[in-house]
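Engineer: Here the sequence shown is numbered in my numbering, starting from 94 and rising by one per residue. Glycine residues also receive a C-beta, built at the ideal position from the N, C-alpha and C atoms. Since the structure is predicted, the reported quantities are computational estimates derived from the model, not experimental observations.
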Amino acid sequence: MLRQCKDQALVDKETFEKNKLQLSETYEQKLAELRSKLRHEKESHSRLTMELREVRNELDDSICISKSTQELKIATEKNNDEILKRLNKEIEENNRLHTQNGQLEQQLESTKKALQEQQNEINRLERELNVIECSKNLAQSELATQQSTPYETAPGSLTELHEEGEQLRADLEAAKENENAQKTRADKLQEVVDRLEEMLAKFNEQALSHSPRKGVTCETENSRHPAPRYVSSSVGDMLEKQNEKLEDRLVAVREQMIVERQAARTANLSLWKVEKQLEEAVSEKKMIQRRMELTEDKIKKIQLEKEDALRQCKAAQNEIKLREERIRELRDEISSLKRDVTKEHRLWEKSEQERMKSKSEIFELLSNAQKLEERLAEVRQKLQQTQQKNDAILLENKRLQHELKEERLRSNSAIDASAHGQMELKNLQDNYERLKYACTITDNQLTEVESMLEAEQKRSKQHQEKLENLNKTLRKKEDTLTQLRKELSQEQTQKCASESRVQSLNAEIKECAENLATTQKKLIAQQQQLMEQTNHLYQSQERVEVLTNENLNLQAMNENHERELNLLKEENARILSEMFHAKADCERLQQELKDSLENAKELHLEIEELQEIMAEKESFYVQRDIKSEATLAQHKKLIDYLQVKVEDLSQKKKLTLAEKIFGGSAYSNTGKKENISPAAVETSILYRTLQEELRREKQRCKSLQDQIDKLKGVDQITNTTSIVRSPLKSLVKNADHSHDGSSSTEGTSSKLPLKQIQGDDKRSSGKAQAMIKSEEVLPQHRFELSLLEINPTAMVCIACDKELVAGSPYWKCRECKTVAHRKCRSDVQTQCGSASENIAVPSTSACLNDTDSLSKYSYEGKLDCIDDAATDSTSDATHEDYCGNLIFCVEMQQSEANLESLEINCAYEIEDEKIVLLGCNKGLFALHVQQPQRLMHIAGIDSVSCIAVSLPLAKAILVGACGESLFQCDFRQLLSRSQTSTSYVKNVLEASVLDLPFCNRATNEKWQLVQISNEAENALDSVTIAATSSRIVIMRYDLKQQKFAPVRALDTATPVSSILFTRLTAIVSSDKFFEIDLETCVAEEFVDMSDHSLSHITNCQPIVAIRISSQEFLLCFMECGIFVDEFGCRSRPYDLNWEYTPTGFVYREPFLYITHFQSVQVVRIQRSYTKEIANIRGIKDMDADADDSCPGLKRIYLTFYMPTLLTESGKLNVYILAIQRDTGLQQIFHLDALLAFKQKLNESLETISSMATAITAGSCATSNADCVD
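(1) Excluding the 5 residues preceding and the 5 following residue 583 in the sequence, name in chain order all residues of the same chain whose CB lies nearer than 7 Å to its CB.
(2) Residue 397 by DSSP, collapsed to three states: which one?
(3) For the pair the region 568-581 and the region 680-689, tell me if three or more CB-CB distances fall below 8 Å.
(4) Between which two residues does the beta strand (DSSP E) harbouring residue 1238 extend?
(5) Between the beta-carbon of residue 1298 and the beta-carbon of residue 1237, is there less than 7 Å?
(6) Inspect the CB distances between the region 1042-1054 and the region 1094-1112 and report whether three or more fall short of 8 Å.
(7) Mind checking whether residue 1052 and residue 1038 have CB atoms under 7 Å apart?
(8) Alpha carbon to alpha carbon, how far is residue 1303 from residue 1007? Give it in angstroms, no decimals.
(9) Of the choices 1203, 1165 and 893, whose alpha-carbon is the least far from that of residue 1154?
(10) What separation, rounded to the nearest whole angstrom, lies between the Cα atoms of residue 1170 and residue 1158?
(11) Buried or exposed: residue 1060, going by 16 or more other Cβ atoms within 10 Å of its Cβ?
(12) Compare the C-alpha of residue 343 against each of 728, 275 and 1156 and name the closest.
(13) Could you pull the start and end residues of the alpha helix (DSSP H) that residue 1162 belongs to?
(14) How is the beta strand (DSSP E) around residue 1071 delimited, first residue to last?
(15) If I'm right that residue 888 touches residue 896 with Cβ under 8 Å, what's the distance once you round it to whole angstroms?
(16) So, under 8 Å CB-CB, residue 1084 and residue 1062 are touching, yes? Tell me the CB distance rounded to an integer number of Å.
(17) Counting Cβ pairs, one atom from each stretch, are 3 or more of them under 8 Å apart for the region 365-379 and the region 183-191?
(18) Only counting the same chain, and skipping five residues up and downstream in sequence, which positions put a Cβ closer than 6 Å to that of residue 817?
(19) For residue 879 and residue 1164, I'd like the C-alpha separation in whole angstroms.
(20) Would you say residue 1086 and residue 1120 are within 7 Å of each other, going by their C-beta atoms?
(21) Assuming contact is defined by CB atoms lying nearer than 7 Å, are residue 1013 and residue 995 in contact in what I supplied?
(22) Does the Cβ of residue 100 have 16 or more other Cβ atoms within 10 Å, making it buried, or fewer, making it exposed?
(23) On the premise that residue 1206 lies in contact with residue 1199, defined as a C-beta separation below 8 Å, what is that separation, rounded to the nearest angstrom?
(24) Closer than 7 Å by C-beta to residue 199: which residues in its own chain qualify, once you throw out the five before and the five after it? Chain order, please.
(25) Let me know the secondary structure DSSP gives residue 1208 once reduced to three states.
(26) Taking the alpha-carbon of residue 351 as reference, which of 290, 137, 331 and 409 has the nearest alpha-carbon?
(27) Please report how far the alpha carbon of residue 147 lies from the alpha carbon of residue 521, in whole angstroms.
(28) Looking only at DSSP bridge pairs, what is residue 1002 linked to?
(29) Check each candidate in 1193, 173, 718 and 1002 and name the one with the smallest Cα separation from residue 1022.
(30) If we count the other Cβ atoms within 10 Å of its Cβ and call it buried at 16 or more, is residue 1319 buried or exposed?
(31) Use the C-beta contact count for residue 384: other C-beta atoms within 10 angstroms, 16 or more gives buried, fewer gives exposed.
(32) Can you give the beta carbon distance from residue 57 to residue 1181, rounded, assuming they're within the 8 Å contact cut?
(33) Just reading off the beta strand (DSSP E) that residue 1181 is part of, what are its end residues?
(34) In whole angstroms, what is the alpha-carbon distance linking residue 763 and residue 740?
(35) What whole-angstrom Cβ distance do residue 556 and residue 638 have, given they're in contact under 8 Å?
(36) Look up residue 624 in the DSSP assignment and say whether it is helix, strand or coil.
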């Protein structure tokens, strides 16, 4: 049979090798195809890069064209500025003309005054005419009287007639003289009115007909030079003619007054228009003045900035000089220090040589010892191999068949992967063709844009030519305006001369009137010219406005073209980004191929491991079957032996007590009935033992589940360090004084074996008492939390016999309805039930110390009494589990000088030197890992509770003096102090207290936590965050002071439990997880609460934020853990659940260490969710430690009492601090997760076998006991 099995195994191996060769050939062919495809992709990528370079060159050309267009635009803007300047000059000239117009208006006002005076004279003349008419009437009446009266005497009447004739002649001469004077005055007035009418008509741009005026003038001329007519017939005819003439004059004067009023109205309208133009010009002038003021202010500011810059340059030069001097001084100091360092370095080299010699000797001795141990191990392995070969040959056939199936599955998966890769390559080729099409489109668009730019350049040239023509016309107009100004100046001089002549020559009025007429005509002509010039100005302004509108349109067109260019640039940038993304996708695909190959290798390795585990399990099952068959055979032999003994006893007929009471016949019949079926007897024994164990486990699980459900709503959140360490002090202070001699004389190395022996003795004693305790399981209270209502009957606590306060929460048992305070629950010692209400549970001082220390802080401590039976019964099965390597044990020092024991608060590992810095209640200590008994004290700081180190800066910050202050020291000095070889020399650490003036820290507010960021690119930009119970302080490194200086303080609702630094932010856990921006020091909530799947976290208590990868974090709450990305959104669809309340977390990739009150849990976490999905699709783990709620996670539990995570060790390991149950002293363990997982997987089978053998051994023991009885 063995030969056949071997032949079959050889055949299977040959087939397997053939399949391997075929698979390798197929893989190589596929790899060759993939490499050829990659080459083609690289060639296409190079082509694309060449095309992109061409596109970039075209873009550069377009940028040059746009720059030229911008220069043309700047030139047009300059031309516009020149045109505006010229227009401003024209506006100034117009203002001058307006001033001249104002002077003319003043002259008009003076002429109006003269007209008013002449009107007054006309009124006076009218009055005189009325007087003359009255005298005429009197004369007519006198003539009538003279005709009626007879002549008395002829000579008397003749004399009277002669006298009257002479009087009348004199009156006529006087009237003639008055008429001549009035005519001259009227002529002057008419001339002035004519001038005013002409001026007003020219201002209104209306040519009025001068025909009526000419008629009037003719009449006036006729009236000026009347022919001398002498009255021949009578004086009455003369008077009538004079009256008619005066009436005609009055009518003419009235007509002139009407005409003058109309002219005044038109003049007022023209003046109103001119005033409006003046107001507009004044507003424009004000705007220009404001602009000038703004430009002057800007110039002043620029000058001031220039002066400040010059001052700063001078100050900088001075500082540079001072710094150069300081640098020279520092160089001198450095040279002197270098000399000292060289001396010290020589001494150090000598000491190092001596130390290396001693180390080499030690290493030789250790190597010899290791060689001997290896030889022993090899001999043992050879023995084991010879024993296992026979078992392994039978299982090789099955294993090879399983491997063939797996290889077929792998080949199918490889074919699927190749098909998927071909599909991806097709997609990439399609994307490449699309990108080519997009590039052609962009080329066409660029050609169109170039044509548009050329057309715009032509248009801009045409507009420039138009602007030059307009500039020429404007220059011609400016020349004409200068000529007009010269003529105006000449006219003004002539006018001044004429006015001087009028003042000097009042006699020559006629000549002056003629000169005035000529000047008035010239003025009218000039006014006409001015009106024409104003019209030209208005037209030029309109043209300028049209040109400005055209310029604005051109600018809008230019802006549109610039926008189009920007859009084209953005499209090109988008295309480039898509190209880069495609390149990144190609690289990512290559990386995924590499990762997939690596994953395949890892899967192969895992499959081999699983196959080895399967082989071991199969061998174990075979051994178990053999053992079970052996035990069954033993049972059968025992049953046969018992039957023989019973038959012998029945044959001897010895009466037993039962026969005496019930009779011999009845007993014999029952005995025969019992001994008929031996299988029932053996099943009854196993059934009893299994039933008892089931009953115990069910009762334990029920009690645990009830208390877990009830204690989930109770907040037991305090700092883990205080929770773990506060019960220790009571234990240490209340410990017995009987251990003085052993603790003071013996070291830690001598104590370790004694303690292990004591633990083994206790475990053996617990094994002996396991069966007794399992039968005596007492019913426990099932408390639930409730509120006390106001009742007349007061309720009394069962533990302290005090009344409960109304409205306060309290514990109430479900079954027996007993009541206890929230604080007194741990002190309840009565059993549940009516029969045992007044019976106290017997307890010793040794067992109460352990349970009381934990009962106030966790439900696990309250369950110690329930768990004693289970833990003691399984202590023998788990005493060989991996529980870490013991590094150090704190000794109990109770001498007169030191009444308090050493209590460890924190730690930091120096990995290169294999030294662990311990922060204790008595100061800072250095523990050498290779020499556990060597604990060096570093003086200088008392009661260190936290250590933070920055290796790039070589600085360390310690929380010391019982949390009163922060100390900063040089890490190199601290390292040298910890490496000193002499223990009797007092090592004093030089540390400085950090000044934090604006923190406003209260006296009872202690420093609890410090963390330094190591994520900054520049070490000088590193940030430190220190936390108290109610605030955090952000500090930055000050290069001048060589210290961390405070930047900002932020208040927190609850104490900060952890700080995690990223590259730009810090994640702080308080009542919530907050993300602080390290540049602005602004805090925001980190978790995205808009996600409904995270609604259950609102009432959870945060503990620690852990970085899983660069883009993923694990947020650990007291109730559960969630995976989030860098934006606070959920990254994995499941939560991590804790079976017990956690007290601390440390992540060493890929292991998550979680401490509970009585155990340490190690969870394996995948770096990414994709790997977890791959693990789910693969072969599931057959171990019981795998968790179904969290896919791809493996867990193991290590039993420790009140553990705390001290610090990290290497890449995967951790240092923890645990407490001895008996003495309450602290112990430091080193946990290796890989070794723990390996031993757990290997020993899980042994524990199962040990449990099975324990059941069979127990059944045999009970059967033997019955036989003896």
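Structural biologist: Concretely, from the data shown:
(1) For residue 583, where only same-chain residues beyond five positions count, there are no Cβ hits under 7 Å.
(2) helix
(3) no
(4) 1237-1241
(5) It is a contact, given that the beta carbons lie within the stated cut-off.
(6) Short answer: they touch.
(7) yes
(8) 10 Å
(9) 1203
(10) Spanning the two alpha carbons is a distance of roughly 5 Å.
(11) buried
(12) 275
(13) DSSP places residue 1162 outside any alpha helix (DSSP H); the residue lies instead in the beta strand (DSSP E), whose first and last residues are 1158-1162.
(14) Taken as a continuous stretch (DSSP letters only), residue 1071 belongs to no beta strand (DSSP E), being part of the alpha helix (DSSP H) at 1064-1071.
(15) Yes, they are in contact, since the Cβ atoms of residue 888 and residue 896 sit about 7 Å apart, within 8 Å.
(16) 4 Å
(17) yes
(18) In this prediction, residue 817 scores a pLDDT of 37, lower than 50, which makes its location untrustworthy; no coordinate-derived value is stated.
(19) If you draw a straight line from the Cα of residue 879 to the Cα of residue 1164, it is about 26 Å long.
(20) no
(21) yes
(22) Residue 100 counts as exposed, since fewer than 16 other beta carbons sit within 10 angstroms of its beta carbon.
(23) 7 Å
(24) none
(25) strand
(26) 290
(27) Those two C-alpha atoms are separated by around 23 Å.
(28) 1009
(29) 1002
(30) buried
(31) exposed
(32) As displayed, the chain neither begins before 94 nor continues past 1362, which places residue 57 out of reach and without an answer.
(33) Neither: residue 1181 is in no beta strand (DSSP E) and is coded neither H nor E.
(34) Since pLDDT at residue 763 reaches only 41, below the 50 mark, its modelled position is unreliable, and the value read off the structure follows with that caveat. So the two alpha carbons sit approximately 13 Å from each other.
(35) No, residue 556 and residue 638 are not in contact; Cβ-Cβ is about 15 Å, not under 8 Å.
(36) helix
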